[in-house]
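Every number in my numbering is 248 more than the matching position in the sequence shown, counting from 1.
The C-beta atom is built at its ideal place from N, Cα and C for all residues, glycine as well.
The structure appears below as structure tokens.
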Amino acid sequence: MPGPYGSLANPVPLDPFQEIVNVHWGSKYLAANLDVGMEIVAGGENGIGPGPEYVDPWSYASLTEATLFFNPADALSTYKQLSGGVWSPVLSDQVSYTGEPALPGAFSYDLWQYAGISSSDSVQPFHRYVEVTGGAEIDIPVPFSGEKFTDGLSVEVDILGQPFVGDGPHPAPFSGTVPLWKTVKDINGLADMDVVESPTVSVAGLTIIFKGKTYVAIGSKCLPSTLISQRGDYWILFAREGVTA
């Protein structure tokens, strides 16, 4: 039986004057930008406001429960590494996931500790990737970044909450004709938010199937954001089974 095409024994003919040898079929590495979401439960709602001076009324409530979740369909993007450290997009229908990140259970809170907002376009508190836990550098670049992966497979996630202050409802007129809400702390930046929780998420059990090959997680990199409501990027490096970085 002939050996693999693209080898010295079986070159791939291009034309009468050219042939390819030592072709590498399939990518050694994949990189995926992981998306961990958060669901919250808001309770203790104190009515609808803030009053006629605003066009649209809204309801305001406090956080009672927060849960991190992973949905493979929401993984932001997957890339395969080409020669020279260049990354190229992979179509989503070419990739499937097995396993899940190790996530903490739900966090519970007393009423009126932190603001709780859940709508189609906004969730508060916010959660943000902070840093990869441990790990030595791997000489493979993160897509769209000058950073390098490390062999750590856990990331710290900070949950940032806007605390209520004071013992009673807010006395100002914007709370409606009757004072309804406790005061929340003014927020001008990250430093004004409370770090409510700092769980660690492990991706050691996550694998990718691409073109019939299995890729296992061997490293990761956190690229934090400086904005409150943006969680930043958490890139995971996957290697085809049998490949070492």
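Local conformation of residue i per DSSP, three classes
i      : result
GLN329 : strand
ASP322 : helix
VAL269 : The pLDDT assigned to VAL269 is 37, lower than 50, so where the model puts this residue is not dependable; a value taken from the coordinates is nonetheless given after this. Here VAL269 sits in coil by DSSP.
ASP440 : helix
ASP406 : strand
LEU475 : coil
VAL491 : coil
THR381 : coil
SER423 : With a pLDDT of only 45 at SER423, under the threshold of 50, the placement of this residue in the model should not be trusted, and no figure is reported.
TRP483 : strand
GLY353 : coil
SER370 : coil
LEU401 : coil
GLY467 : strand
LEU359 : coil
SER310 : strand
ILE296 : With a pLDDT of only 49 at ILE296, under 50, the local geometry of the prediction cannot be trusted, and the value read off the model is given with reservation. Residue state, collapsed to three classes: strand.
Element boundaries [beta strand (DSSP E), containing residue i]
i      : result
MET286 : 284-291
GLY347 : Element bounds for GLY347: n/a, residue is neither H nor E.
PRO391 : Counting along the chain, PRO391 falls outside any beta strand (DSSP E), and DSSP gives it neither H nor E.
TYR277 : 277-281
VAL449 : 448-450
SER366 : 363-366
For residue i, the residue or residues it bridges with in DSSP
i      : result
THR335 : Looking at the sequence shown, residue 335 is not Thr but Trp. GLN329, per the DSSP bridge assignment.
PHE458 : VAL343, LYS461
LEU316 : MET286
GLU445 : ILE407
Residue nearest to residue i in terms of C-alpha spacing, selected from the options
i      : options                        : result
TRP360 : ALA290, GLU348, LEU401         : ALA290
ILE386 : LEU311, GLY347, ILE466, SER310 : ILE466
LEU408 : ARG488, ALA314, LYS461, GLY400 : ALA314
VAL403 : GLU287, THR346, GLY480, THR312 : GLY480
LEU278 : TYR327, PRO320, GLU287         : TYR327
THR346 : VAL464, VAL491, CYS470, LEU485 : VAL464
ALA384 : SER468, ILE476, ALA487, LYS276 : SER468
LEU282 : ALA354, ALA363, ALA452         : ALA452
PHE355 : GLY364, PRO349, GLU348         : GLY364
GLU395 : TYR482, VAL284, GLU489         : TYR482
VAL413 : PHE397, SER446, ASP434, LEU401 : ASP434
TYR362 : LEU351, ASP322, GLN410         : GLN410
LEU401 : SER477, ARG488, THR448         : THR448
ALA439 : ILE476, VAL380, THR398, TRP335 : ILE476
SER393 : VAL491, ALA309, PRO472         : PRO472
LEU351 : MET441, GLY285, LEU311         : GLY285
VAL390 : ILE457, GLN478, PRO320, LEU330 : LEU330
PHE318 : SER325, GLU348, TRP335, ALA487 : GLU348
Segment contact flag, the region 334-343 with the region 365-373, C-beta cutoff 8 angstroms, min 3 pairs: With a cut-off of 8 angstroms, the region 365-373 and the region 334-343 do not count as touching, because too few Cβ pairs lie within range.
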